[in-house]
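Have a look at the structure below, then the notes.
There are 2 protein chains.
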Amino acid sequence: MRDKILEFLKKNNEYTSGDHLAHSLGISRQGLWKHIQELRDSGYDIAAVPHLGYKLISIPDKLFPSEITHGLDTRFIGKKVYYFDKVTSTMDVAMQWVTKGANEGTIVIAETQIKGRGRLGRQWLSPRYKGIYLSLILKPRVAPAQASIFTLLAAVSICEAVKDEIGLDVQIKWPNDILIRNKKFCGILTEMDAETDEIKFLVIGLGLNVNNDRGELLAGATSLKEERKEKVNRITLLQAILRRIEKNYLLFQKEGPEVITQKWREYNITLGKRVRITYRHKHLEGQSVDIDQDGALLIRNSSGLIQKVTSGDVT
Amino acid sequence: MRDKILEFLKKNNEYTSGDHLAHSLGISRQGLWKHIQELRDSGYDIAAVPHLGYKLISIPDKLFPSEITHGLDTRFIGKKVYYFDKVTSTMDVAMQWVTKGANEGTIVIAETQIKGRGRLGRQWLSPRYKGIYLSLILKPRVAPAQASIFTLLAAVSICEAVKDEIGLDVQIKWPNDILIRNKKFCGILTEMDAETDEIKFLVIGLGLNVNNDRGELLAGATSLKEERKEKVNRITLLQAILRRIEKNYLLFQKEGPEVITQKWREYNITLGKRVRITYRHKHLEGQSVDIDQDGALLIRNSSGLIQKVTSGDVT
């Protein structure tokens with residue numbers, strides 16, 4: 337009912353009489369008033385003027401499912417939203433939901449995470465109401481070795497959305513960091529449950545610093561607000577990201593991984609450079625040549641040999 | 337206390353007086369009697385003769401944890417056993433325990449499975465008290481693409497155990513079927529939870545037809561009893577398998593995957609043949625040349641090109 341009232345008020349830019357509203361929705365004036373109060377408690381600013389009725393003045397700066405799905409013209413990505421004010425990690429919650437049968441495209445979103453995590457168990461800072469902390473469930477029929485392509489797919493989608501919606505120039509550092517002016521504002525983490533033959537499901541975690549102020553950022557990190565010098569509408573950005581993820585996912589399914597790696601190459605700042613890869617106290621140095629169909633980095637060492645790297649940090 | 341009483345009776349081949357037994361274990365005669373009754377209810381045949389005392393005549397044909405761990409000289413494989421008379425699937429149970437923090441080497445075993453499963457969601461028949469249905473938790477630090485090596489490791493370990501303990505000739509059909517005289521008696525299923533960089537844990541499922549009679553086997557399948565024409569002690573076989581898995585796992589950690597693939601080649605019947613690989617309605621034909629470090633099959637097609645195959649069925 338709350339969603340229906342909001343829908344009604346959003347369509348009408350003018351004051352709507354309580355009688356008309358209650359009648360249209362088939363509820364009592366008293367019931368309507370209760371729902372309006374609840375919406376106000378959630379942060380919706382709804383004006384109530386005698387003889388005129390109700391008008392929606394502003395919506396709160398929260399990632400409510402009804403706001404995310406409102407006007408989201410995707411087929412399956414983000415059609416089902418689990419929203420939490422606070423979770424340990426959206427990854428954990430998504431893992432739980434998917435084992436209970438959550439559909440492909442389901443997202444889990446939280447305003448803050450107590451134990452937000454990045455690759456290899458690293459911490460991800462999640463200041464409340466400032467970022468987008470999201471986990472997306474996908475069920476592609478691919479082998480575990482091909483899972484990295486979805487990290488690239490998500491990275492490309494975020495680059496496209498940030499470029500188109502906010503007008504900032506973004507770069508991807510292999511495998512999963514998205515940067516503006518060499519500072520990280522977004523990380524991507526892909527986890528899976530798989531047989532050796534085939535993935536059962538993937539959960540892709542996105543952490544974006546959106547409206548973080550300087551004091552809410554780690555060294556070397558930035559936020560979209562810091563770079564744009566203006567607050568960003570998280571809902572609009574999130575919808576843009578979800579739309580592009582779906583578009584790229586459908587493209588992948590139709591045309592294969594090359595269409596994703598090709599897009600990825602356009603945004604990347606890793607290829608064509610001398611790099612040093614660190615992974616669990618092991619090092620590898622060489623010329624970063626390309627990525628392959630599985631999203632692995634190809635490194636040419638000093639003797640000309642090409643090595644395939646699937647894990648590690650690039651410097 | 338039950339385990340202590342059993343330990344005591346197993347050490348003593350003669351009758352042990354109730355007084356002596358109760359005194360040694362620090363319990364009352366009445367308490368001892370209660371435990372003896374419980375052991376009898378579980379299937380232990382314990383003789384009780386006035387003036388002589390108790391004697392263990394036979395142990396039941398069940399995979400009780402105390403029987404599995406009794407005399408099992410491994411460091412970590414099989415040191416912790418979760419035993420069930422009936423489960424949906426030992427894979428599901430192991431997955432639950434590992435997310436609750438179960439250690440590497442923990443095994444889940446059941447006398448029967450309602451929904452025992454094989455690769456790609458296929459059914460595995462689990463007649464009660466006839467087979468070994470087991471899931472083993474491992475936590476190697478490898479990338480998801482390398483997970484298949486543990487399927488090979490388990491296959492090799494089972495081959496070694498069956499050959500040494502039962503004296504039957506066994507062969508492996510890529511990727512995970514173990515055969516005697518071209519009939520399958522064992523399947524292996526490896527599932528994982530992973531980041532794209534690294535595995536968090538693996539669960540290796542083993543299903544062995546041990547004492548199945550002809551009527552308890554699918555077409556094309558066999559059991560060790562059918563082949564040997566004699567019942568097999570499941571406990572002894574299971575211990576032999578666990579011992580060899582640990583040995584091969586430690587070898588892998590020290591020397592890398594080649595030591596496993598080399599052993600695998602000795603038992604395999606897939607390499608060097610013309611094969612047809614089927615995977616989700618796609619087909620691939622060619623000469624099966626070798627397996628690589630990740631356990632993938634290398635196929636040379638008619639134009640001489642070598643293709644790497646990670647999933648599928650071989651005919």
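If you read the protein sequences in the order shown, they are chains A and B. If you read the first sequence in the numbering used here, its first letter stands for residue 337, the second for the next number, and so on. If you read the second sequence in the numbering used here, its first letter stands for residue 337, the second for the next number, and so on. All residues carry an ideal CB built from backbone N, CA and C; glycine is no exception.
CA-CA distance, residue i and residue j?
| i | j | result |
| --- | --- | --- |
| residue 501 of chain B | residue 405 of chain B | 18 angstroms |
| residue 557 of chain A | residue 578 of chain A | 23 angstroms |
| residue 426 of chain B | residue 491 of chain A | 37 angstroms |
| residue 407 of chain B | residue 343 of chain B | 11 angstroms |
| residue 391 of chain B | residue 645 of chain B | 57 angstroms |
| residue 629 of chain B | residue 464 of chain B | 37 angstroms |
| residue 421 of chain A | residue 471 of chain B | 38 angstroms |
| residue 573 of chain B | residue 498 of chain B | 7 angstroms |
| residue 522 of chain B | residue 622 of chain B | 26 angstroms |
| residue 345 of chain A | residue 419 of chain A | 22 angstroms |
| residue 451 of chain A | residue 432 of chain B | 21 angstroms |
| residue 552 of chain B | residue 602 of chain A | 59 angstroms |
| residue 457 of chain A | residue 488 of chain B | 28 angstroms |
| residue 369 of chain B | residue 402 of chain B | 20 angstroms |
| residue 503 of chain B | residue 580 of chain B | 16 angstroms |
| residue 372 of chain B | residue 597 of chain B | 48 angstroms |
| residue 348 of chain A | residue 357 of chain A | 11 angstroms |
| residue 583 of chain A | residue 590 of chain B | 45 angstroms |
| residue 460 of chain B | residue 448 of chain B | 11 angstroms |
| residue 462 of chain B | residue 410 of chain B | 27 angstroms |
| residue 446 of chain B | residue 442 of chain A | 34 angstroms |
| residue 636 of chain A | residue 643 of chain A | 6 angstroms |
| residue 592 of chain A | residue 534 of chain A | 16 angstroms |
| residue 575 of chain A | residue 423 of chain A | 21 angstroms |
| residue 397 of chain B | residue 363 of chain B | 28 angstroms |
Which residue from the options puts its Cα closest to that of residue i?
| i | options | result |
| --- | --- | --- |
| residue 437 of chain A | A:549, A:536, A:488 and A:578 | A:536 |
| residue 655 of chain A | A:378, A:337, A:375 and A:373 | Residue 655 of chain A lies beyond the range of chain A shown here (337 to 651); nothing can be said about it. |
| residue 512 of chain A | A:605, A:447, A:448 and A:467 | A:605 |
| residue 595 of chain A | A:531, A:486 and A:398 | A:486 |
| residue 617 of chain A | B:451, B:462, B:477 and B:373 | B:477 |
| residue 532 of chain B | A:455, A:593 and A:588 | A:455 |
| residue 428 of chain A | B:539, B:530 and B:640 | B:530 |
| residue 525 of chain B | B:517, B:515, B:516 and B:539 | B:539 |
| residue 527 of chain B | B:481, B:378, B:560 and B:362 | B:481 |
| residue 494 of chain B | B:515, B:591 and B:397 | B:515 |
| residue 385 of chain A | A:378, A:393 and A:442 | A:393 |
| residue 507 of chain B | B:620, B:355 and B:600 | B:600 |
| residue 417 of chain A | A:466, A:444 and A:350 | A:444 |
| residue 561 of chain B | B:466, B:430 and B:639 | B:466 |
Can you tell me where the alpha helix (DSSP H) with residue i in it begins and where it stops?
| i | result |
| --- | --- |
| residue 502 of chain B | 484-502 |
| residue 644 of chain B | No alpha helix (DSSP H) contains residue 644 of chain B, which is instead part of the beta strand (DSSP E) from 642-645. |
| residue 597 of chain A | 594-603 |
| residue 434 of chain A | 426-435 |
| residue 338 of chain A | 338-347 |
| residue 581 of chain A | 570-591 |
| residue 366 of chain B | 365-377 |
| residue 405 of chain A | 401-405 |
| residue 562 of chain A | 560-564 |
| residue 360 of chain A | 354-361 |
Near residue i, which residues of its chain fall below 8 angstroms by C-beta distance, leaving aside the five closest residues on each side in sequence?
| i | result |
| --- | --- |
| residue 691 of chain A | Lying before the first or after the last residue shown, residue 691 of chain A is absent from chain A, which here runs from 337 to 651. |
Please go through the same chain and pick out, in chain order, the residues whose beta-carbon is closer than 7 angstroms to the beta-carbon of residue i, but skip the five residues on each side of it.
| i | result |
| --- | --- |
| residue 648 of chain B | 613, 614 and 615 |
| residue 440 of chain B | 412, 473, 474 and 475 |
| residue 519 of chain B | 556, 557 and 558 |
| residue 626 of chain B | 607 and 634 |
| residue 395 of chain B | 380 and 403 |
Excluding the 5 residues preceding and the 5 following residue i in the sequence, name in chain order all residues of the same chain whose CB lies nearer than 6 angstroms to its CB.
| i | result |
| --- | --- |
| residue 510 of chain B | 606, 633 and 650 |
| residue 611 of chain B | 624 and 650 |
| residue 434 of chain B | 473 and 537 |
| residue 353 of chain B | 389 |
| residue 563 of chain B | 504 and 516 |
| residue 631 of chain B | 484, 485 and 488 |
So the beta strand (DSSP E) residue i belongs to, where does it begin and stop?
| i | result |
| --- | --- |
| residue 414 of chain A | Counting along the chain, residue 414 of chain A falls outside any beta strand (DSSP E), and DSSP gives it neither H nor E. |
| residue 545 of chain B | 535-545 |
| residue 614 of chain B | 610-615 |
| residue 394 of chain A | 389-394 |
| residue 623 of chain A | 618-627 |
| residue 469 of chain A | 467-474 |
| residue 453 of chain A | Per DSSP, residue 453 of chain A belongs to no beta strand (DSSP E) and is neither H nor E. |
| residue 506 of chain A | It is not in any beta strand (DSSP E) - residue 506 of chain A carries neither H nor E in the DSSP assignment. |
Notebook entry, point to check: Counting pairs of Cβ atoms below 8 angstroms between the region 561-569 of chain B and the region 544-551 of chain B, do you hit three or more?
Noted result: The answer is yes - the region 544-551 of chain B touches the region 561-569 of chain B, with three or more Cβ pairs under 8 angstroms.
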